[in-house]
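K.L.:
Sequences listed follow chains D and Z, in order.
In this text, residue positions in the first sequence follow my numbering: the first is 1, and each later residue adds one.
In this text, residue positions in the second sequence follow my numbering: the first is 1, and each later residue adds one.
We put the CB at the ideal spot given by N, CA and C, even for glycine.
Take a look at the following structure, please.
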Amino acid sequence: MEKCGADILVKCLETEGVDVVFGYPGGAVLAIYDALYDADIRHILVRHEQGAAHAADGYARATGRPGVCIATSGPGATNLVTGLATAYMDSVPVVAFTGQVATSWIGKDSFQEADITGITMPITKHNYLVKSTEDLPRVIKEAFYIATTGRPGPVLVDLPKDVSIGKCEFEYPSSVDLPGYKPTYEGHPKQVKELAKAITASSRPVLYVGGGVIWSGASDVLRELAELCDIPVTTTLTALGAFPTAHRLSLGMLGMHGTGYANLSVNECDLLIAVGARFDDRVIGDPRTFAPNAKVAHIDIDPAEIGKNVRYDIPIVGDARTVLESLIPQLSPMKRPEWLAQIAQWKKEWPLKYPRYADGIAPQYVIEQISDLTGGEAIVTTEVGQNQMWTAQFYKFKNARSFISSAGLGTMGFGFPAAIGAQIGRPDSLVIDIAGDGSFQMNIQELGTAVQYKLPVKVVILNNGYLGMVRQWQAMFHDKRYSSTALDYNPDFVAVAEAYGAKGIRVETEDEVRPSLERAFAEPGPVVVDVKVSREANVFPMVPPNMPISRMIRGDES
Amino acid sequence: MKRTLSVLVNNRSGVLARVASLFSRRGYNIESIAVGVTDDPEVSRMTIQVIADEATFEQITKQLHKLIDVIKISDITSDERVDRELALIRISADSSNRSDILQVVGIFRAKIVDVAEKSIIVEVTGDEGKIDAFVQLARPYGIIEIVRTGKVSMVRGSK
Ligand SMILES: Cc1ncc(C[n+]2csc(CCOP(=O)(O)OP(=O)(O)O)c2C)c(N)n1
Ligand SMILES: [Mg+2]
Chain D
1 MEKCGADILV KCLETEGVDV VFGYPGGAVL AIYDALYDAD IRHILVRHEQ
51 GAAHAADGYA RATGRPGVCI ATSGPGATNL VTGLATAYMD SVPVVAFTGQ
101 VATSWIGKDS FQEADITGIT MPITKHNYLV KSTEDLPRVI KEAFYIATTG
151 RPGPVLVDLP KDVSIGKCEF EYPSSVDLPG YKPTYEGHPK QVKELAKAIT
201 ASSRPVLYVG GGVIWSGASD VLRELAELCD IPVTTTLTAL GAFPTAHRLS
251 LGMLGMHGTG YANLSVNECD LLIAVGARFD DRVIGDPRTF APNAKVAHID
301 IDPAEIGKNV RYDIPIVGDA RTVLESLIPQ LSPMKRPEWL AQIAQWKKEW
351 PLKYPRYADG IAPQYVIEQI SDLTGGEAIV TTEVGQNQMW TAQFYKFKNA
401 RSFISSAGLG TMGFGFPAAI GAQIGRPDSL VIDIAGDGSF QMNIQELGTA
451 VQYKLPVKVV ILNNGYLGMV RQWQAMFHDK RYSSTALDYN PDFVAVAEAY
501 GAKGIRVETE DEVRPSLERA FAEPGPVVVD VKVSREANVF PMVPPNMPIS
551 RMIRGDES
Chain Z
1 MKRTLSVLVN NRSGVLARVA SLFSRRGYNI ESIAVGVTDD PEVSRMTIQV
51 IADEATFEQI TKQLHKLIDV IKISDITSDE RVDRELALIR ISADSSNRSD
101 ILQVVGIFRA KIVDVAEKSI IVEVTGDEGK IDAFVQLARP YGIIEIVRTG
151 KVSMVRGSK
């Protein structure tokens, strides 16, 4: 049967199993919104397109399914850009649809024309400008296939107005034909065997795992491997939750604000097994001195990650889960009492701790209380800055897909719309955005979305009255010259929440923290908890940029 | 070190932009790039020359592979191959030196493709070295303008 492009889009989305899209209408997507009007797909109206991209991203990270967002041409499309770059850096499957001026008007500086495929070329896994309605089913099929297979990533599809209005016969292709795109899932058997030998020969191995472990669903096999061969595990920011924080083999996060024991273990290990991780500069510090005594094995589905930043000895291109599954049968149980005793010693010498602050509540305490109250079972998103690093350090994660944060791009304003997306994807979970007072204001308008759709997301603001992380760097590296980092004109967040129709709770003393959080978590709707925390608390330990990660500042030296 | 890549890509609009954007974004240097359609109208071949050390070169090929429109990459740097480039060179020439120039053109088996009152256009084909040598010899007469295509290459022998 003949269908118009917009109806074809909706049909394709339904066939892909998309049940929700996040978006914002406009002239170039009128036909698409008309088709959505009576479709079986839920449309969530955000208050800014950036919110749509982050919500789609949060939805994807929380569920493992692709997140979908829609924006109109020109400013609608450019408002998606930060969200797409965020998803790209953290390898999140997001499919974005943008309206475009009619094909006959492209290139003429038409009203609300922006070259969004040109703009997003370096921040998407792939993108398309669809030139005729006939191409639409194939392109949408490919877009979802590319976004969700191999190393996941965002894909953008630009839809000129005449393409969404134009009609053609509709048939959804059952397969894709992409000769230039063939991800490798199985690790090379010879290399896997090599790794098994290395693990058996090693006396001080460390597993260094990244977001790839979450995307390939490898948490359980990772745990099996770690327990089988007594290998301690450190995770990157994106992989928090892939291995339980409280496990005896857990080292927590490594890197700039990683735990002392994770960084020292990596520094002293004789075998580093990187799984789905990309040796980011915030993780490795100085690349020349990273894991200086180790043989490096690197398992990654993206061959370009292997050797990009750090040398390697055993390269294995493949899917984390598939590779670990083929590795485990080649190993026998091992015990490493000496290595683990050494690590236990480091854990004693480098506990995660914080002082009492004279001027207010310790932000770390707030996170400990959230962790305790939720039993580590909530879905936690964060904004960017100190709030993010303290959450990484002090929340005790239990499950994969329970921590959602903009790691690679470090996008302030990500956490709240991502929490909205996560809540929609997992309606029965408690979803909490641990926020900074600066970051929250970057997408505070999404309170409107949370209220409209009765989403019970909780925002806990660690309100220090500063762009805290930047202030910390100014304190440490610029003689405390606090240039433009004080937030002296913050709004009354409780009043803002209430103006939107959400609930607001203010917390000013330590003993109010726990009962206020309990109250907030019990509320059926969105709540903003504004916690006045110490103004100049810093995140420690800290590795100064480009330094060996063994050179940590403890924070208690005077 | 100078290296040559022969890359098969989908013959679609925007593919050259994707490759160029990749090189500029990641800070790789393109020495030259030549693109043309193959015997299959859906597929184009790019001949790309880069200057890169071993590690950077490995990254360049791996990153190129990630482009969905890139079908196949061959590193033909150390293959026996035929390299060709074409240059059009406008040289100032009048009756006093035209015959001298003609001699040089003859030695290089180049061609005169246009003659005007005060200048001629010469077409030279060959590998980079030959074109550089011709430019060197023509320089004293006064080169007004040069247009070079960038190198195309083909591996020798039966495939
Ligand atoms: C969009 C964006 N702009 C600027 C920055 C730089 N930046 C990193 S952390 C930070 C401060 C964040 O302040 P706040 O949200 O209050 O968090 P805090 O560090 O105080 O917990 C800034 C400005 C960023 N990461 N993202
Ligand atoms: Mg702050």
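What are the start and end residues of the beta strand (DSSP E) that includes D:L562?
P.N.:
Since the first residue shown for chain D is 1 and the last is 558, residue 562 of chain D is missing from the structure and cannot be characterised.
K.L.:
Have a look at D:K398 and D:G211 and give me their C-alpha separation to the nearest angstrom.
P.N.:
Spanning the two alpha carbons is a distance of roughly 15 Å.
K.L.:
Under 8 Å, Cβ to Cβ, is there at least one residue of chain D near Z:R156?
P.N.:
It does not: the Cβ of Z:R156 has no partner Cβ on chain D nearer than 8 Å.
K.L.:
Would you kindly check if the distance between the Cβ of D:C69 and the Cβ of D:A77 is under 8 Å?
P.N.:
No, these two residues do not count as a Cβ contact at 8 Å.
K.L.:
Chain Z beta carbons: is any one of them nearer than 8 Å to that of D:P173?
P.N.:
It does not; no Cβ of chain Z falls within 8 Å.
K.L.:
Can you pull out the residues from the stretch 110 to 125 of chain D whose beta carbon lies closer than 9 Å to at least one beta carbon of chain Z?
P.N.:
Hits within the stretch, in order: T117, G118, M121, P122 and K125.
K.L.:
Hey, quick one: how far does the beta strand (DSSP E) through D:N263 stretch, first residue to last?
P.N.:
Note, D:N263: premise wrong, no beta strand (DSSP E); alpha helix (DSSP H) at G260 to E268.
K.L.:
Would D:R401 pass as a contact of D:G64 if the rule is Cβ separation under 8 Å?
P.N.:
Result yes, Cβ atoms of D:R401 and D:G64 sit closer than 8 Å.
K.L.:
Please determine whether the Cβ atom of D:G438 lies at a distance below 7 Å from any heavy atom of ligand 2.
P.N.:
Answer for D:G438: yes, Cβ within range of ligand 2.
K.L.:
Return the bridge partner residues of D:L45 from the DSSP annotation.
P.N.:
Bridge partners of D:L45: D:G23.
K.L.:
Which runs of the beta strand (DSSP E) at least 3 residues long sit entirely within the stretch 79 to 140 of chain Z? Give them in chain order.
P.N.:
If we require 3 residues or more, the beta strand (DSSP E) runs fully inside the stretch 79 to 140 of chain Z come out as 81 to 92, 111 to 115 and 119 to 126.
K.L.:
Kindly examine ligand 2 and report whether one of its heavy atoms sits closer than 7 Å to the Cβ of D:L409.
P.N.:
No.
K.L.:
Could you give the DSSP three-state label for D:G211: helix, strand or coil?
P.N.:
D:G211: helix per DSSP, three-state reduction.
K.L.:
Based on Cα-Cα distance, which residue from D:E2, D:F144, D:A31 and D:Y24 lies nearest to D:A53?
P.N.:
Considering only alpha carbons, the answer is D:Y24.
K.L.:
Go ahead and pull the three-state DSSP assignment for D:K161.
P.N.:
Residue state, collapsed to three classes: helix.
K.L.:
Please list the residues of the stretch 133 to 163 of chain D that have a C-beta atom closer than 7 Å to any C-beta atom in chain Z, keeping them in chain order.
P.N.:
Per Cβ criterion, the list reads I146.
K.L.:
Quick one: any contact between the stretch 13 to 20 of chain Z and the stretch 87 to 107 of chain Z, if contact means 3 or more CB pairs under 8 Å?
P.N.:
In short, these stretches do not touch, since the Cβ pair count stays below three.
K.L.:
Leaving aside the five residues before and after Z:D114 along the sequence, list all residues of the same chain whose C-beta is less than 6 Å from its C-beta, in chain order.
P.N.:
Excluding residues within five positions, the ones whose Cβ falls inside 6 Å are I121.
K.L.:
So which residues on chain Z does D:L178 lean against when the C-beta distance must stay under 7 Å?
P.N.:
By Cβ distance, chain Z contributes I68.
K.L.:
Taking 7 Å as the cut-off, is the C-beta of D:E512 nearer than that to any heavy atom in ligand 1?
P.N.:
Answer for D:E512: no, Cβ out of range of ligand 1.
K.L.:
Tell me which same chain residues have a C-beta within less than 6 Å of the C-beta of D:K3, skipping the five on either side of it?
P.N.:
Once the five neighbours on either side are set aside, the close Cβ partners of D:K3 are F170.
K.L.:
Taking the DSSP output, what are the residues bridged to D:K167?
P.N.:
D:K167 pairs with D:C4.
K.L.:
CB-CB under 7 Å to D:Y357, same chain, minus the five flanking residues each way: which ones, in chain order?
P.N.:
Closer than 7 Å at Cβ, skipping near neighbours: S534 and A537.
K.L.:
Any residues in the stretch 323 to 353 of chain D with a beta carbon nearer than 8 Å to a beta carbon of chain Z? Which ones, in chain order?
P.N.:
Going along the stretch 323 to 353 of chain D in chain order, one finds no residue with a Cβ nearer than 8 Å to chain Z.
K.L.:
Would you mind listing the alpha helix (DSSP H) stretches within the stretch 317 to 376 of chain D that are 4+ residues and don't spill past its ends, in chain order?
P.N.:
As far as the stretch 317 to 376 of chain D is concerned, its whole alpha helix (DSSP H) runs of at least 4 residues are 320 to 327, 337 to 349 and 363 to 374.
K.L.:
Taking 8 Å as the threshold, find out whether the stretch 330 to 347 of chain D comes into contact with the stretch 224 to 236 of chain D through three or more Cβ pairs.
P.N.:
At 8 Å Cβ cutoff, the stretches touch.
K.L.:
Along chain Z, in chain order, which residues have C-beta atoms closer than 9 Å to that of D:G307?
P.N.:
Chain Z residues near D:G307: A55, E58, Q59 and K62.
K.L.:
Measuring CA to CA, which of D:V94, D:G285 and D:G27 is closest to D:H126?
P.N.:
Comparing Cα-Cα distances from D:H126 to each of D:V94, D:G285 and D:G27, the minimum goes to D:V94.
K.L.:
In this structure, does DSSP put D:V539 in helix, strand or coil?
P.N.:
Coil, per DSSP.
K.L.:
Compute every distance between the C-beta of D:G385 and the non-hydrogen atoms of ligand 2, then say whether any falls below 7 Å.
P.N.:
Checking the Cβ of D:G385 against ligand 2 gives yes.
K.L.:
Drop a sphere of 10 angstroms on the beta-carbon of D:E368, count the other beta-carbons inside from all chains shown, and report buried for 16 or more, exposed for fewer.
P.N.:
Buried.
K.L.:
Output, in sequence order along the chain, the residues in the stretch 10 to 23 of chain Z whose CB is closer than 9 Å to any CB in chain D.
P.N.:
Here the close residues are N10, S13, G14, A17, R18, S21 and L22.
K.L.:
If Z:K151 and Z:Q49 are in contact, beta carbons under 8 Å, what's the gap, nearest whole angstrom?
P.N.:
Rounded, the Cβ-Cβ distance is 6 Å, consistent with contact.
K.L.:
For the alpha helix (DSSP H) containing D:E305, list its first residue and its last residue.
P.N.:
Element bounds for D:E305: n/a, residue is neither H nor E.
K.L.:
Would you report the Cα separation of D:A341 and D:D270, rounded to the nearest angstrom?
P.N.:
Answer to the nearest angstrom: the Cα atoms are 16 Å apart.
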